[in-house]
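Chemist:
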Amino acid sequence: MTLRAVIFDFDGTILDTETPEFQHWQALYRQHDRELHLHDWQRGIGTWDAFDPWAGLPAHVQADRETVHGQLKTAVHAAIEAGDIRPGVRAVLDDLRARGLRLALATSSDRAWVTRWLSHHGLLEHFEVLATRDDVARVKPDPELYLLAARGLGLRPADCLAVEDSLNGATAAVAAGMRVVVVPNEVTRSQPFPPDWARIEGYEGGVAGLLAAGLGEL
Numbered sequence: 005m006t007l008r009a010v011i012f013d014f015d016g017t018i019l020d021t022e023t024p025e026f027q028h029w030q031a032l033y034r035q036h037d038r039e040l041h042l043h044d045w046q047r048g049i050g051t052w053d054a055f056d057p058w059a060g061l062p063a064h065v066q067a068d069r070e071t072v073h074g075q076l077k078t079a080v081h082a083a084i085e086a087g088d089i090r091p092g093v094r095a096v097l098d099d100l101r102a103r104g105l106r107l108a109l110a111t112s113s114d115r116a117w118v119t120r121w122l123s124h125h126g127l128l129e130h131f132e133v134l135a136t137r138d139d140v141a142r143v144k145p146d147p148e149l150y151l152l153a154a155r156g157l158g159l160r161p162a163d164c165l166a167v168e169d170s171l172n173g174a175t176a177a178v179a180a181g182m183r184v185v186v187v188p189n190e191v192t193r194s195q196p197f198p199p200d201w202a203r204i205e206g207y208e209g210g211v212a213g214l215l216a217a218g219l220g221e222l
């Protein structure tokens, strides 16, 4: 494998938006004597419309969905804004660029969401290509986002390494013909990733640890 680029997922991989979102939904369920199970929530991570959390809430909550969702969204966004990117991510991105590797993003989120948070953390300029939900007909686990990102870089999928946190995302990268490194977070750690997929538990090992896993050199 001639590695020429690294394509990152965003939510949960660079910025852990997924854990606070799950925690706030879980709290909402508990307010109404319901339980939101992680294994159900995980079905929707990294994709779109695969799991509807509203379906598990009482009818009177669903009837006031606009108000409840507005309050929930405000709380989740405040939690995300108060947090930081995942530890070690910035150093890894800087080191990849210093090594001459090109960077792209492939995300099932929309462009406005991604650019908002990348700009907030001063990372937008790190990425040559952003492939988002706005650009494709099918999001992950379909490979379309990763194939689009590779085309945007003018590279073959085989020349790219994907970095993902979720089963849906990693499945998309593998289907696109890329090697993948799974870097799970709190809410994706227990997903049933195939054992032959490279995995590291965080970015603390720096770019050397990421590349060693992705290139099978561990």
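Position 97 (the sequence shown) corresponds to 101 in the working numbering; numbering is contiguous. Every residue, glycine too, gets a C-beta built ideally from N, C-alpha and C.
#1: Could you tell me if residue 126 is buried or exposed, where buried requires 16 or more neighbouring beta carbons within 10 angstroms of its beta carbon?
#2: May I have the straight-line CA-CA distance separating residue 207 from residue 138, to the nearest angstrom?
#3: Hey, quick one: how far does the alpha helix (DSSP H) through residue 86 stretch, first residue to last?
#4: Considering only heavy atoms of the ligand MN, does any lie closer than 7 Å to the CB of residue 87?
#5: Curious, which full-length beta strand (DSSP E) runs of at least 3 residues does the segment 106-184 contain?
#6: Output the boundary residues of the beta strand (DSSP E) element that contains residue 9.
#7: With a threshold of 7 Å on Cβ separation, who are the neighbours of residue 40 within its own chain once the five nearest residues in sequence on each side are excluded?
#8: Tell me whether residue 177 is buried or exposed, calling it buried when 16 or more other Cβ atoms sit within 10 Å of its Cβ.
#9: Check whether the segment 97-107 and the segment 40-51 touch, using three or more Cβ-Cβ pairs below 8 Å as the test.
#10: Just tell me which of 16, 80 and 211 has its CA closest to the CA of residue 51.
#11: Helix or strand or just coil, what does DSSP make of residue 202?
#12: Rounded C-beta distance between residue 149 and residue 110? I'm assuming under 8 Å.
#13: Note down the Cα distance separating residue 116 from residue 196, rounded to an integer number of angstroms.
#14: When DSSP labels each residue in this structure, what does residue 99 get in the three-state scheme?
#15: Please report the distance separating the alpha-carbon of residue 213 from that of residue 66.
#16: State the Cα-Cα distance for the pair residue 24 and residue 81, rounded to the nearest angstrom.
#17: Can the beta-carbon of residue 157 be found less than 8 Å from the beta-carbon of residue 9?
#18: How big is the Cα-Cα spacing for residue 174 and residue 95?
#19: Just the Cα atoms here: how many angstroms apart are residue 106 and residue 162?
#20: Taking the C-alpha atoms as reference points, what is the distance between residue 170 and residue 22?
#21: Please name the residue, chosen from 215, 155, 194 and 140, that lies closest to residue 167 on a Cα-to-Cα basis.
#22: Name the residue from 185, 49, 55 and 26 whose alpha carbon lies nearest to the alpha carbon of residue 113.
Modeler: Taking the geometry as given:
#1: Walking along the sequence shown from the start, residue 126 turns up at place 122. By the 10 Å Cβ count, residue 126 comes out exposed.
#2: Along the sequence shown, read from residue 1 onward, the residue named residue 207 stands at position 203. Along the sequence shown, read from residue 1 onward, the residue named residue 138 stands at position 134. Using only the alpha carbons, I get a separation of about 29 Å.
#3: Your numbering for residue 86 matches position 82 in the sequence shown. First-last of the alpha helix (DSSP H) with residue 86: 69-86.
#4: The model on display carries no ligand, and the ligand MN is accordingly not part of it.
#5: 106-110, 133-135 and 164-168
#6: The count along the sequence shown starts at 1 and reaches residue 9 at position 5. First-last of the beta strand (DSSP E) with residue 9: 9-12.
#7: Reading the sequence shown from its first residue, position 36 is the one you call residue 40. Closer than 7 Å at the Cβ level, and outside the excluded window around residue 40, lie 29, 30, 33, 57 and 60.
#8: Here residue 177 refers to the residue found at position 173 of the sequence shown. By the neighbour-count rule (16 or more Cβ atoms within 10 Å), residue 177 is buried.
#9: no
#10: Residue 51 sits at position 47 when you count from the first residue of the sequence shown. Ranking the options by Cα distance to residue 51, first place goes to 16.
#11: Against the sequence shown, residue 202 aligns to sequence position 198. Correct three-state label for residue 202: strand.
#12: For the purposes of this step, residue 149 is identified with residue 145 of the sequence shown, where counting begins at 1. For the purposes of this step, residue 110 is identified with residue 106 of the sequence shown, where counting begins at 1. Confirmed, Cβ separation roughly 4 Å.
#13: Position 112 of the sequence shown, counted from the start, is the residue given in the question as residue 116. Position 192 of the sequence shown, counted from the start, is the residue given in the question as residue 196. About 31 Å.
#14: As a working mapping, residue 99 is identified with position 95 in the sequence shown. Helix at residue 99.
#15: The residue labelled residue 213 in the question sits at position 209 within the sequence shown. The residue labelled residue 66 in the question sits at position 62 within the sequence shown. Looking at the two C-alpha atoms, the distance is approximately 46 Å.
#16: Along the sequence shown, one-based indexing puts residue 24 at 20. Along the sequence shown, one-based indexing puts residue 81 at 77. Distance between the alpha carbons of residue 24 and residue 81 is about 9 Å.
#17: Reading the sequence shown from its first residue, position 153 is the one you call residue 157. Reading the sequence shown from its first residue, position 5 is the one you call residue 9. Cβ distance < 8 Å, so residue 157 and residue 9 count as in contact.
#18: Here residue 174 is taken as the residue at index 170 of the sequence shown, counted from 1. Here residue 95 is taken as the residue at index 91 of the sequence shown, counted from 1. If I take the Cα positions, the gap works out to 22 Å.
#19: What you label residue 106 is simply residue 102 of the sequence shown in a count that begins at 1. What you label residue 162 is simply residue 158 of the sequence shown in a count that begins at 1. Roughly 14 Å separates the two Cα atoms.
#20: Here residue 170 is taken as the residue at index 166 of the sequence shown, counted from 1. Here residue 22 is taken as the residue at index 18 of the sequence shown, counted from 1. Approximately 10 Å, taken between the alpha carbons.
#21: Residue 167 sits at position 163 when you count from the first residue of the sequence shown. Out of 215, 155, 194 and 140, 215 has the C-alpha closest to the C-alpha of residue 167.
#22: The residue you call residue 113 lines up with position 109 of the sequence shown. Comparing Cα positions, the closest option is 49.
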